[in-house]
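Asks: Protein chains in written order, with my numbering: chain G, 39 to 271; chain F, 986 to 1392; chain X, 243 to 681. Note that beta-carbon positions come from the ideal geometry of N, C-alpha and C, so glycine has one too. First the structure, then my questions, so here it is.
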Amino acid sequence: MLVMKDVYKIYRTDTVETHALRGLSLTVEEGEFLSVTGPSGSGKTTFLNIAGLLEELTSGTYELDGRDISSLNDRERSRVRNEKIGFIFQSFNLIPELNVFDNVDVPLRYRGFDRAERHRRITECLERVGLASRTKHFPAQLSGGQQQRVAIARALAGEPRFLLADEPTGNLDTNMADSVLDLLAEINASGTTIIMVTHELTLADRARRNIFVRDGELHDGPPELHFATAASA
Amino acid sequence: MDIGPIWRAMLRNKAGFILIALQIAVTLTILVNAFGIIQESTDKISTESGIDEANTFTLASVLFTDYEREQRKVLIDEDLDLIRNTPGVVNAVASNSFPLRQGGWSMSLALEPGNQTAESVNTAIYFVDEHGMETFDLGLVDGRNFLPEQVTWDDPDDNTWPAYAIITEELAKEIWPDETVSYVGKTVFISDDDPVNIVGVVDKMQAPWPNWDNVVERSMLVPQRRPSEFVRYIVRAEPGMRDQLMPEIEAALAASNKDRIIRDVRTMDHTRKLAYVGDAAMIKILGFVVLLLTLITALGIVGLTSFNVSRRTRQIGIRRALGATQPAIIRYFLIENSIVSAVGLVVGAALAIGLNIAMVEAFALEPLAWYVIPIGMLVLFIVGQFAVTGPARRASNISPAIATRSG
Amino acid sequence: MLRYYLKLGFLSIRANPALSLLMVAAIAVGIGACMTMVTVRHVMADNPIAHKNDRLFHVQVDNWNPNNPYREPNEPPEQVTYLDATRLLEAGRAHRQVISFKSDRVVQPDDDEILPFQEEVRATSADFFAMFDVPFKYGSGWDAAADRAEERVTVLSAAMNDRLYGGEDSTGRMLMMNNEPYRVAGVLDDWRPTPKFFDLNNNPYEDPEDIYTPFSVAVTGEWGSSGNNSCWKSPEEAGYASYLASECIWIQMWVELPTQADKEAYEQFLADYVTEQKELGRFPRPLNNRLSTPEEWMINQEVVDDMVSVLLALSALFLLVCLLNTIGLLLAKVIRRRNDISLRRALGASKAELFRQYIVEAGMIGGAGGLAGIGMTWLGLRGIENVFSEYDFIEHLVTMDWQMVGLAVLLAIVSSLGAALYPTWRACRVSPATTLRIQ
């Protein structure tokens, strides 16, 4: 379970203070498929960074699986990311020098699994995303959709409780996007909580619950309604 | 293009530029000091000994059988007759040493009789006869050569120093700094209280120790012949005859008397080379170091600029899309390098002076000539600009279309 | 995990071959330059008699000019007079004492095929061989009785024995020098102290003499010194006897004093001796005796040429330039790989793990630079040998021992890790959130 209460995130430079999140509160239950939408600069990415422990929050509380995240040091935060969270990025973020197998291997290395265990998990995850035959390929030799599948396999390999996806289909054509979304739905069906950030409403439809972020504040409910509100305001 | 925006952009990535600037600074420090030492060594090597080096060779005769004094005198006279009468020989002399030999005899001279004092002047001593002037090819600037009757044999029962001498102009100036007319006829005291009368002054003849700064230009010719077992002959040949005469005279001397050996047959060119091995080596080593160092620094600049170019590919594409010409892009990198170089070179100049002061204090080195520093700065600046040109040209070839691509 | 980091390091090096080569080359060249000079200096400043350093002492007494010291600031003369050398030897107040000088003799081999040749000969008192631990292959030195009896005996170096007698045991054979026969008492084993600590006067790096004879024989034969000879006042009269009675210095004197008490007693003895001589009108300067260990003596005599120290200082700066170069390139690499670093952080790598990854990579480059640096040092030493080829002793100054090889690798790894610290620290500071922002 993920619980955020009254979370603020303020970026400070010498001259400017940017309030990226203003008192955001949110509870995500086990097994949810949540979509987060909002216009550019609304705070979506900041939300995802904080949810994924990539950044620290300025104030407020954040509990993941009943554990208060704000008190953790770098090593503990890294550990949580590694064990409980999987990431999927818009631009895949595969390491170009590593082949498919080694890319999926990256988080497992930091987990400290032995060789056999890593091998088992990598093979299993690649089978799950349908790329078991491409282990020796390098990212540049794969299509965009295939690259994103490798990235999903990498996210799944650690058997995380939460999957955070940032515009997972932003760089893909419609066909590929559909198949990636099918895959996410399937993963969600097997029990993994998914939080997906996107600006495309059609994608958000595939989620079981939608939230909308605007000016760093959270609005629960169907996005269309909020667009309407925003337009009339 | 304005320097302001480039400078501000550089401040955003200080560390990388500070490192290049430091590298340039330390490179300048080494470059300038190495060049100073090279210059000092070159100066030393190129000083003239004052004798006709190109046509002169030397050899030694070592007697290993007991000869009476008179027999030894006869042998030396016979040897000199043989050498002087060989066609192609200009003249020859027996002496205790010669310039560049790195071994010889030094004495101290005083204006008053008595033990040496702080005012005494050290000089090299060459024992010669009246043929010394011509053999060494010395230029007389005042007075005259020794007369044959002034030349005496060293006498075991008489310890008195010979009463006449020919000295170099440098030595004369050192002894009598205030004299303006002539040194000839003046008296100086040697070996505590023996008076010596100056009969002639020569323009230049170096002491046998090229590395002894204080004494190297101070020499004194003494009209005395010494009948020892070990005699050095200095032979001056006619131009072009030296190499032919060397084996000829060696063989003739060896054949003329079997109670001695002939050794150390050596051209003055070879002697000069031996005398300056250390300086020649320093020139070679430091010259190589300077080249290698400049190359490494240039490659470092190339490497880092290439990195900057590839990191800024997109930014450069955008600039191109916004209308920057190719020369403008190149100019951007040249200006950037100029700024880094300027900072590095100013810091380097200070470091170079500091190191030089420290080295002059710790070791026997001359201080740097002031102009070496600006020359070094200029050279490194040009090298830096050249190093940047390659990567900058690649940057200018980046397509403006990159700006519209994402990712 | 180390193997994983090694693999990542290897991939990273392979991904930027030109850059990695530049870094390895820069470190190798820097190490090579530095280690070349360190090696030369190491050999030049070596103490070949270190195991007896605390019991051997070079003797100086100040018989010089009342107006001027021998050398500023108030240094006593480097050698001693015949008068003092023989009297101090005769007194026999040290455990061992040696007086010696070098001279020239013409050697006349038995074999008529070999022409007579001139050689430097060391005329010395009997204790020389025992005091300086000189190894013998055949026979032995001579004893004090032979010194007193002025026996014409000689000891040859192994090289001279090879040249004259084809390397056989030549003890008992007669060697002719200047038409006088000498009985060969012993043949030395290979012995080449570098520097030649017992006589640093002319060239501290020349070979030791190949022939040794009793000091007394040389003096009776009126041999002159072929080393340094300095006088602050001329001998009273001409001739060898007057020279022996003069204040000219030309003899090196060493004593062996096993304990501190022995040393103190000898210092007192020397002071008493000089005071006694002062009453006879000698030693016009204030009391200024000195006992120096071989190490102190080599430092006093500045056996390491200033130019070597200058080159060493410049080569250290050279290494610094190479390291600055490496730091800059590593930093550029880190900046370019921000994405990769950030991604690994997002996937759960802690700062400590990234630090280790980058340090391993730098260590690999440093190790490669160190190995190549050994090669560069070898090349550098050959270069030094080449530019000094006129010096026949140079080959003994440009040899690399295992100690120096180890030092080269250590220096390479330490300096490349040092160079990696800042870039690695920068790598660890890359925020894991960067990966989301860069699109």
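To which residues does DSSP link Phe-378 of chain X through a beta bridge?
Replies: Mapped onto the third sequence, residue 378 of chain X falls at position 136. Paired residue(s): X:Leu-430.
Asks: Count the other CB atoms within 10 Å of the CB of Ala-675 of chain X; is the residue buried (16 or more) or exposed (fewer)?
Replies: For this step, residue 675 of chain X is matched to residue 433 along the third sequence. The residue in question, Ala-675 of chain X, is buried, as its Cβ has 16 or more Cβ neighbours within 10 Å.
Asks: Please give me, in chain order, every unbroken run of the alpha helix (DSSP H) with length at least 4 that falls completely inside the segment 515-578 of chain X.
Replies: 536-542 and 548-578
Asks: When the cut-off is 8 Å and only beta carbons count, does Ser-97 of chain G lie next to chain X?
Replies: Reading the first sequence from its first residue, position 59 is the one you call residue 97 of chain G. It does not; no Cβ of chain X falls within 8 Å.
Asks: What residues in the segment 502-535 of chain X bring their beta carbon closer than 8 Å to a beta carbon of chain F?
Replies: Here the close residues number zero.
Asks: Assign Trp-667 of chain X to one of two classes, buried (16 or more other C-beta atoms within 10 Å of its C-beta) or exposed (fewer than that).
Replies: For this step, residue 667 of chain X is matched to residue 425 along the third sequence. The residue is exposed, with fewer than 16 neighbouring Cβ atoms inside 10 Å.
Asks: Quick one, which residues of the segment 549-561 of chain X are near chain F if we go by CB-CB under 9 Å, in chain order?
Replies: Met-549, Ser-551, Val-552, Leu-553, Ala-555, Leu-556, Ser-557, Leu-559 and Phe-560
Asks: Out of X:Ala-365, X:Arg-297, X:Pro-319 and X:Glu-332, state which residue places its alpha-carbon closest to the alpha-carbon of Asp-375 of chain X.
Replies: The sequence position of residue 375 of chain X within the third sequence is 133, counting from 1. Nearest C-alpha to Asp-375 of chain X: X:Arg-297.
Asks: Mind checking which residues open and close the beta strand (DSSP E) that includes Met-416 of chain X?
Replies: Working through the third sequence from its first residue, we reach residue 416 of chain X at position 174. From DSSP, the beta strand (DSSP E) with Met-416 of chain X extends over 416-419.
Asks: Is the CB-CB distance between Gly-254 of chain G and Arg-50 of chain G below 8 Å?
Replies: Position 216 of the first sequence, counted from the start, is the residue given in the question as residue 254 of chain G. Position 12 of the first sequence, counted from the start, is the residue given in the question as residue 50 of chain G. Taking 8 Å as the Cβ cut-off, Gly-254 of chain G and Arg-50 of chain G do not qualify as a contacting pair.
Asks: Taking DSSP as the reference, what is the three-state secondary structure of Asn-628 of chain X?
Replies: Working through the third sequence from its first residue, we reach residue 628 of chain X at position 386. In this structure, Asn-628 of chain X counts as helix in the three-state DSSP scheme.
Asks: Is there at least one Cβ from chain X nearer than 8 Å to Asp-112 of chain G's Cβ?
Replies: Sequence index remark: in the first sequence, residue 112 of chain G carries index 74 (1-based). Yes, because at least one Cβ of chain X sits closer than 8 Å to the Cβ of Asp-112 of chain G.
Asks: In chain C, what lies closer than 9 Å to Gln-1229 of chain F by C-beta?
Replies: Given the protein chain composition of this structure (G, F and X), no chain C is represented.
Asks: How would you list, in chain order, the residues of chain X whose beta-carbon sits under 8 Å from the beta-carbon of Thr-1050 of chain F?
Replies: Here residue 1050 of chain F corresponds to residue number 65 of the second sequence, with the count starting at 1. The contacting residues are Asn-420 and Asn-421.
Asks: Alpha helix (DSSP H) containing Met-1267 of chain F: first to last residue?
Replies: For this step, residue 1267 of chain F is matched to residue 282 along the second sequence. Looking at the DSSP string, the run of the alpha helix (DSSP H) that includes Met-1267 of chain F is 1262-1296.
Asks: Extract the residue ranges of the beta strand (DSSP E) inside the segment 97-149 of chain G, only unbroken runs of 3 or more that lie entirely within it.
Replies: 97-102 and 123-126
Asks: Alpha carbon to alpha carbon, how far is Arg-671 of chain X from Asn-1018 of chain F?
Replies: Counting from 1 along the third sequence, the entry for residue 671 of chain X is found at position 429. Counting from 1 along the second sequence, the entry for residue 1018 of chain F is found at position 33. Distance between the alpha carbons of Arg-671 of chain X and Asn-1018 of chain F: 39 Å.
Asks: Under the assumption that Ser-1326 of chain F contacts Phe-1366 of chain F (Cβ atoms under 8 Å), give the Cβ distance between them as a whole number of angstroms.
Replies: Within the second sequence, the letter at position 341 stands for residue 1326 of chain F. Within the second sequence, the letter at position 381 stands for residue 1366 of chain F. That belief holds up - the Cβ atoms of Ser-1326 of chain F and Phe-1366 of chain F are roughly 5 Å apart, short of 8 Å.
Asks: Going by alpha carbons, who is nearest to Thr-83 of chain G out of G:Leu-222, G:Glu-205 and G:Phe-139?
Replies: For the purposes of this step, residue 83 of chain G is taken as the residue at position 45 of the first sequence. Closest by alpha carbon: G:Glu-205.
Asks: Would you mind stating whether Thr-1120 of chain F and Val-1187 of chain F have Cβ atoms separated by less than 8 Å?
Replies: Position 135 of the second sequence, counted from the start, is the residue given in the question as residue 1120 of chain F. Position 202 of the second sequence, counted from the start, is the residue given in the question as residue 1187 of chain F. Their beta carbons are not under 8 Å apart, which means Thr-1120 of chain F does not touch Val-1187 of chain F by this criterion.
Asks: Expressed to the nearest angstrom, what Euclidean distance is found between the alpha-carbon atoms of Ser-129 of chain G and Asn-998 of chain F?
Replies: Numbered from its first residue, the first sequence carries residue 129 of chain G at position 91. Numbered from its first residue, the second sequence carries residue 998 of chain F at position 13. Near 26 Å, if we compare the C-alpha coordinates of Asn-998 of chain F and Ser-129 of chain G.
Asks: Starting from Gln-339 of chain X, follow its DSSP beta bridges and name the residues at the other end.
Replies: Working through the third sequence from its first residue, we reach residue 339 of chain X at position 97. Per DSSP, X:Val-497.
Asks: Using a beta-carbon distance cut-off of less than 7 Å, what residues from the segment 1276-1293 of chain F approach chain X?
Replies: Leu-1277, Leu-1278, Ile-1281, Thr-1282, Leu-1284, Gly-1285, Gly-1288, Leu-1289 and Phe-1292
Asks: Taking Cβ positions only, does Asn-120 of chain G come closer than 8 Å to chain X?
Replies: Within the first sequence, the letter at position 82 stands for residue 120 of chain G. Under the Cβ distance rule, Asn-120 of chain G counts among the residues neighbouring chain X, one pair being separated by less than 8 Å.
Asks: What does Pro-77 of chain G reach in chain X if we use C-beta pairs closer than 8 Å?
Replies: In the first sequence, residue 77 of chain G corresponds to position 39, counting from 1. Correct list: empty, because the minimum Cβ distance to chain X is about 16 Å.
Asks: Can you name, in chain order, every residue of its own chain whose Cβ lies under 6 Å from the Cβ of Met-418 of chain X, other than the five neighbours on each side?
Replies: In the third sequence, counting from the first residue as 1, residue 418 of chain X sits at position 176. Gln-350, listed in sequence order.
Asks: How far does the beta strand (DSSP E) with Trp-1090 of chain F in it reach, from first residue to last?
Replies: Within the second sequence, numbered from 1, the residue matching residue 1090 of chain F stands at position 105. Element bounds for Trp-1090 of chain F: 1090-1095.
Asks: May I have a chain-ordered list of the alpha helix (DSSP H) segments no shorter than 4 residues that lie completely inside the segment 1141-1181 of chain F?
Replies: 1154-1160
Asks: Listing by chain order, which chain G residues have their CB less than 7 Å from the CB of Ala-594 of chain X?
Replies: Residue 594 of chain X sits at position 352 when you count from the first residue of the third sequence. When 7 Å is used as the limit between beta carbons, Ala-594 of chain X is near these residues of chain G: Arg-113, in chain order.
Asks: Given that Pro-145 of chain G touches chain X, what residues does it touch there, using C-beta distances under 7 Å?
Replies: Counted from its first residue, the first sequence places residue 145 of chain G at position 107. Within chain X, the residues near Pro-145 of chain G are Leu-589 and Gly-590.
Asks: Whole-angstrom Cβ separation of Phe-635 of chain X and Ile-493 of chain X, contact assumed at under 8 Å?
Replies: Here the question's residue 635 of chain X lines up with position 393 in the third sequence. Here the question's residue 493 of chain X lines up with position 251 in the third sequence. So it is not a contact: roughly 24 Å between Cβ atoms.
Asks: Are the C-beta atoms of Asn-542 of chain X and some chain F residue less than 8 Å apart?
Replies: Here residue 542 of chain X corresponds to residue number 300 of the third sequence, with the count starting at 1. Answer no: the Cβ-Cβ gap between Asn-542 of chain X and chain F never drops below 8 Å.
Asks: Since Arg-117 of chain G meets chain X, which of its residues come closer than 8 Å, beta carbon to beta carbon?
Replies: Translated into the one-based positions of the first sequence, residue 117 of chain G becomes position 79. Ordered by position in chain X, the residues that pass the 8 Å Cβ test against Arg-117 of chain G are Gly-590 and Ser-592.
Asks: Does any CB atom of chain G fall closer than 8 Å to the CB of Arg-668 of chain X?
Replies: On the third sequence, residue 668 of chain X is found 426 positions in, with the first residue counted as 1. No, Arg-668 of chain X does not count as interfacial toward chain G.
Asks: Under 9 Å between beta-carbons, which chain X residues line up against Ile-1246 of chain F? List them in chain order, please.
Replies: For the purposes of this step, residue 1246 of chain F is taken as the residue at position 261 of the second sequence. Within 9 Å Cβ-Cβ: Val-348, Leu-357, Pro-358, Phe-359 and Gln-360.
Asks: For Asp-1396 of chain F, report the span of its alpha helix (DSSP H) as first-last.
Replies: Outside the shown range of chain F (986 to 1392) lies residue 1396 of chain F, about which nothing can therefore be said.
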